[in-house]
Each structure stands twice: as structure tokens, then as C-alpha cells.
Amino acid sequence: MQGSEETTGVEGEDKSTRSPIIRARDLVKNYGNVRAVDTISFEVMPGEVFGFLGPNGAGKTTTMRMIQCVSPPTGGTLSVFGLDVRDHPADIKKWLGIVPQETNLDPDFTCIENLLVYARYFDIPAKEARQRAEKLLAFMQLEEKADVPIDGLSGGMKRRLILARALINNPRLLVLDEPTIGLDPQARHLMWEKLKALQGMGNTILLTTHYLEEAERLCNRLVIMDRGKILVEGEPMDLVRRYAGDEIVESEGSPQVIACLEETGCRYEVHGDMVQAFSDQPRVLAKRILDTCNPGRVFVRRGTLEDVFLSLTGRDLRE
Amino acid sequence: MRRYFPVPTRLAWKVWRRNRDVFFKTYRVNFLPPFIEPVLYLLALGYGLGMFVGDIGGVPYVSFIAPALLAISMMNASFFECTYSSFVRMYYQKTYDAMVATPLSIEDVIAGELLWGATRSLIYSSAMLVVLVAFGVVALPSSLLVIPFSFLAGLLFSGIAMCFTAVSPTIDTLNYPAFLFITPMFLFSGTFFPLSVLPGPIQVFAMAVLPLAQVVTVTRSLTLAELSPVLFLYSLAWIASVCTVLFFVSIHLMKRRLVI
């Protein structure tokens, strides 16, 4: 047992509120000859919601698994709560709350039993565990389902129960791998609401997502990963401004419009039958296209993280 | 050292408790078979076939096979738990993934599974022992030692099973050990006829290699209250040492499979 080292992670709350919760330096992970994570460095500060974005196979989940101490890094250093993931997995995991991408609730138990059995893995006394479980079920709007087996839950309820389970040990860091994957809009919004509430309580949250809207709504800071590398890091709105512009002009991509854009000399991209143009004065550009290029339609819209994402990672399908 | 040699901690019992809780939730389906199965075998083989067989070395046939039924129940209860059931938890239910996201290590998880497999062996063979005592085909009080012994025997078969689970690509490939290893052992371990009627080399092979042959030897010594000390101690030592080795080997193999 490593009980003697148990306190290293929690002592000095004052200090730990200033030093990073996660610190990765030149982190590398190979699977055989495949490099899944390629020399990445990042820091996550206390109280922040930090996002990992990227297409399939970018290395997001692998990074999460290393942080969770279930997949040993091939190279570089990775510390969580100031402890090395290789040497102190039990001490780190004690303070982690994990929402995995794949639903792995225990189908042999009911909702509340899932929480109680999980609490036991953290050595939480039975009475305390029941109090926490009931509170968490209420928080996740699942009280009525307490005695329902897992099979009887909808997809959204299962995800909320997994989030409740991840909170049973009062974690100091929540790691969410695609928390709203496969949910309908109502269920997704409810999940966002809960995550927002947790953020409001000062929780440190690490999340991966494909949904850029989710990242824009929730993350204070994020990185975009592709092919194992971190391409950019920053606050969502800054990244949009930097890589996509506040506003984007979108129009039908007829040869006439493209010829027009060539004349203006502005940067543009053709996607299918649409063309996107970037300019410091998007409204002026839109008016010019409308007046002189005879487009079917043209409009100006807000730049989004999706624009940043696609311009950085390209439009090739990743499978 | 922990990095290179699998060392489970007391947290393994948390995994054991999880499995125990599930077992008792569904106790109706879990408890009936161990009571009914021995009755069927006793009636069909012990009394039915026994009519034609008579005695084996002065022992009534029904008393000869009673310890074999116990040994087989130890084997089946633990082997099938740590193959098919463990595979389902590992691969389909992702139970292990959920567990290792807590302070539990993969070593703790697998050790807990092995201990639970051993416990199932104890539960099933104890239930069966009750039936055999009721039929008066086992000697008392020596037969009571079958209860603690069944835990050790169960741990042995759990370890064997977990090694297969660790290397089995799919749940279907677990049929190979089930049919090519367990079934022959079921028949050729001195269970329904003494090993001595087999050709010499097969006798040697069985006593050197087959785990069930060792378990039958020990169990039969206890239920007949007839001890051949050398053979008894040989089998007991064989079980204890192979069990210890496989406990760690199976955890190592599982770690190799799951920690990537």
C-alpha cells in the first residue's frame, strides 16, 4: 500500500491553488510503431475548464488515458496534482472523477447501487456514500430512477449517472471524454447545464469533445490537436479572432463570385458549392459581392470554433 | 518493484465484494443448480450405473464418485467464472475499465476476480456437500475439510482460467480450453473410474499434469477418510505451488493485455 504518500497530493491547498493541476512536458505515447501522442506540452490550472479538440485519432483519448494513470506514457513527463503518473497512480486516481467515452456503468446493478459500489472502491464509508449518492442523484435529476436497473435508462440518463458516479469521491479534477456523445439536443443541453453548474462551483474540468459548440460554451481554454500534436492553444474567442476572424462572408461558389474574390485579393476557401471569404471588413466585402458578382445569395455570419478547427485540421475525412 | 511484479493490495477485496453482491442479488438462479446437479448425477451414475459396477476397491460406486462430483463442481464453478464471466466483464461490460478509474489497480481487479472464482468454488462445493451428506455417501467429519480445500482448488482453476481469458482474442475462442481441456479432464482424472485402469503412461501424465486429478485425489481422501499420505501430500503440494505461480502469471498476462 502507498498510504504513507497519500497526503502528498492534498497537502498545502494554498500552494496547489496556484500551481497547475496537470503539467505535461514533451509527452509522448507510442502504440507499437504508431505515435499516438507526439511531444505535447500543456498545463491546466485550478478552476479552469480546459478542452481538447481534434478529429478522430488526434490523440485526445490517449492523452486522457495517460492523465487517468491507466496508460503509461512512452516519454516526457506528466504530473497530476504535482505527482508523477507513473509512480503514484493510486494517490492521483483517488482525486479524479472520470467520465469515459464509452458507457461502462455496471449493468448488474441499479442506479444507486452503481454509485454505492463505486464509492466502495474509494474507501468511502457506507453511510457517507449513501448520503453523497442521494445528493448526486438529485443534482443529476435522477432521484426517481434510483432503484431502476441500468437497462431501464435513456442514453442521456446514463451519461448523467456516469457524471454522478465521477463525482462520488469529491474529485479535485474531472476528466470528461466526450461527455455528450450520442445525446439528443435536450439531453445535451441538460448535460451542459450540469457541467456549467460544476464549473460555477470552482471545479477543474478537463474535457474532450467533437462538438465545437460544446467547447465554445464550456471551455475557458482549449487546445486543438491533430495527428498527435497540439496545433494551437488559447481561449475560444481569441482563437476564432486569430484564425477565422470575427465574421465570415459566405456565398455561393459560382465562377463569377470566385473571379470577383480574386480581384479583391482577399483570402477565400471553396467548400463544395459554397465559398467562404475572410476580410477585415466583412460587411463591405459582402456588399461588394452582392452588388457586382451576381451571387445567388451572400451572408455574413459570426466566426466559430468550427471555422478555426476546419482551417487548422483540414476537411479530409478521418476514419 | 510494483511496476515490474504484480502486487495486488487489499483493495482486491472491493472487487470481490462487487461480485459477491451481484451473486446474492441473483441467488435464486445461482443456488438451485448446485443442489440439483449432484442429485441427478448421484441417481443416474451412483445408483443407476453403480448397480452394474458394484464396488471399486471395496468402496461402493456411489461413494467413489461423490468426491469426484465435488471436485468437478469446484472446477466448473471457478473455471467458468474466470473465463466467460470475467471476459464479459472485461470486454463487453467494461467493468474493469470503470474499476481502474478508481484507486484500484489492474492487479487489484484481477486478484479480486481470482478470489471470487475461488469463493464460488467454495459456495458450490459446500452446497453440494450438504446434498452428499444427506445421501450418506461421504464420511464425517473429515469431509468438512473439503470446504476450506475447495477455496484453494478454486483459486487454482481460477488462475488457469484467467490465463486463458488473458490470451483469448474473443469470447468464442474460450471454447477451446472449455472443450479441449476441461472436458477431457472431467473424464480422465480418476473421476468416474480409477486412474489405475488406464495405460501406465496416461496414469503418469494425469498425475503429473492434470489439475483435476490432484483435486480428486485430495477430495477423495477426505470424503472416504482414507489417506495415502504420500499421494495426498504430493497432490496438495502440487495444487498449492501451481496455484501460487498461476495467480501471479495470470495477473501479469492480464496486465499485458489491458495496460497499453
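Note that the protein sequences, when read in sequence, are chains A and B. Be aware that the first sequence starts at 1, since it is given in our numbering, and climbs by one per residue. Be aware that the second sequence starts at 320, since it is given in our numbering, and climbs by one per residue. Backbone N, C-alpha and C fix where the C-beta goes; we use that ideal spot for every residue, glycine too.
| Check | Outcome |
| --- | --- |
| Alpha helix (DSSP H) segment containing N395/B, residue limits | 380-399 |
| 9 Å Cβ cut-off: residues of chain A touching M573/B | Those do not exist, as M573/B stays about 13 Å from chain A at its closest Cβ, beyond 9 Å. |
| N-terminal and C-terminal residue of the beta strand (DSSP E) that K229/A is part of | 229-234 |
| G455/B, DSSP secondary structure in three states | coil |
| Residues near T63/A in its chain [Cβ-Cβ closer than 6 Å; skip 5 each side] | V37 |
| Residue ranges of each beta strand (DSSP E) within the segment 47-125 of chain A, 3 or longer | 49-53, 75-80, 96-99 |
| K29/A, enclosing beta strand (DSSP E) - first and last residue | 22-31 |
| Residue range of the beta strand (DSSP E) that includes R301/A | 298-302 |
| Short CB-CB distance (under 7 Å) between I98/A and chain B | yes |
| Buried versus exposed call for E521/B [16 or more other C-beta atoms within 10 Å across all chains shown] | Sequence check: residue 521/B is Ile here, not Glu. Classification of I521/B: exposed, given that the 10 Å Cβ count is below 16. |
| Beta-ladder partner(s) of L207/A, from DSSP | G51/A, L176/A |
| As assigned by DSSP and simplified to three states, the class of Q412/B | coil |
| P325/B vs I570/B beta-carbon contact at 7 Å | yes |
| Reference L310/A, options L137/A, P55/A, A286/A, closest by Cα | P55/A |
| Proximity winner among R439/B, L389/B, G431/B, relative to M573/B (alpha-carbon distances) | G431/B |
| Status (buried if at least 16 other CB within 10 Å, exposed otherwise) for K94/A | buried |
| Partner residues on chain B for R120/A, Cβ-Cβ distance less than 8 Å | K333, R336, R337 |
| Alpha carbon of K287/A to alpha carbon of R242/A, nearest angstrom | 24 Å |
| Listed by chain order, chain A residues near T414/B by CB distance under 8 Å | N104, D106 |
| Residues within the segment 423-454 of chain B neighbouring chain A, beta-carbon criterion of under 7 Å | L423, S424 |
| Alpha-carbon to alpha-carbon, G296/A and Y268/A | 17 Å |
| Beta-ladder partner(s) of F42/A, from DSSP | A24/A |
| Which residues DSSP lists as bridging L493/B, in chain order | The partner list for L493/B (beta bridge, DSSP) is empty, contrary to what the question assumes. |
| Between the CA atoms of F109/A and F468/B - distance to the nearest angstrom | 31 Å |
| DSSP state of D353/A mapped onto helix, strand, coil | No answer is possible for residue 353/A: the residues shown for chain A start at 1 and end at 319. |
| Buried versus exposed, by CB contacts within 10 Å (16 or more), G245/A | buried |
| Exposure of M320/B, with buried meaning 16 or more beta-carbon neighbours within 10 Å | Reliability of the predicted coordinates at M320/B is poor, the pLDDT of 45 falling under 50, and no value is obtained from them. |
| Bridge-paired residues (DSSP) for Y268/A | A277/A |
| Residue span of the beta strand (DSSP E) that contains L251/A, given as start and end | This sequence places Ser at residue 251/A; Leu is not what is there. Where S251/A is concerned, the enclosing beta strand (DSSP E) stretches over 247-252. |
| Neighbouring residues, chain C, relative to M409/B (Cβ below 7 Å) | As a matter of chain content, chain C is missing from the structure shown, whose protein chains are A and B. |
| R18/A - containing alpha helix (DSSP H), residue span | R18/A -> no alpha helix (DSSP H), and no H or E assigned at all. |
| P72/A: contacting residues in chain B (beta-carbon distance under 8 Å) | V578 |
| Opening and closing residue of the alpha helix (DSSP H) in which M526/B lies | 519-528 |
| Simplified DSSP state of I355/B, which is helix, strand or coil | helix |
| Nearest-angstrom Cα separation, counted from V80/A out to V10/A | Caution applies to V10/A, whose pLDDT of 42 falls short of 50 and renders its modelled position unreliable; the value that the coordinates give is listed next. Cα-Cα distance, rounded: 11 Å. |
| Cβ of M320/B within 7 Å of any chain A Cβ | With a pLDDT of 45 at M320/B, under the threshold of 50, the modelled position of this residue cannot be trusted; read the value that follows with caution. No, no contact with chain A. |
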